[in-house]
Amino acid sequence: DLRGAALIREVHVYGQSLAVGAEKSGAAQHVGLGTRLLEEAEKTAKQKGFGKLVVISAVGTRQYYLDRGFDRGEYYLVKRLD
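All residue numbers for the sequence shown refer to this note's numbering, where the first residue is 4 and numbers rise by one.
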């Protein structure tokens with residue numbers, strides 16, 4: 004249910020692709036940019052009075068959001084904004 008929710012369609016951090024756990028100087032992935040984008044989205048949603056943050060997630064990225072406090076909903080991943 005999307006009522007009362009701020010919606011994130013997708014989070015993209017562009018740059019050279021790296022495997023999870025891999026490191027490379029100057030790479031855009033695995034340096035916290037996506038997490039910071041989510042934190043800013045959560046802050047903005049709270050300021051605008053939304054009660055939850057909902058994200059459309061592909062199968063391969065679900066764990067990323069679950070690790071950041073989202074829960075599985077019927078169709079989306081949901082994070083309550085308390």
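Each residue gets a CB set at the ideal place from its N, CA and C atoms; glycine is no exception.
Closest to residue i by CA distance: which of the options is it?
i: G54; options: A44, D70, R39; result: A44
Cα separation between residue i and residue j?
i: A48; j: D85; result: 11 angstroms
i: L5; j: K82; result: 12 angstroms
i: V57; j: G76; result: 9 angstroms
i: K51; j: L41; result: 15 angstroms
i: R12; j: L36; result: 17 angstroms
i: Q66; j: T38; result: 13 angstroms
i: G63; j: L69; result: 12 angstroms
If you measure from the CB of residue i, is any heavy atom of the ligand MN nearer than 7 angstroms?
i: L69; result: Among the components of this structure there are no ligands whatsoever, and the ligand MN is therefore not found.
Which residues does DSSP list as the beta-bridge partners of residue i?
i: D74; result: V81
i: A8; result: K55
Classify residue i as buried or exposed, calling it buried when 16 or more other Cβ atoms lie within 10 Å of its own Cβ.
i: I59; result: exposed
i: Y79; result: buried
i: A8; result: buried
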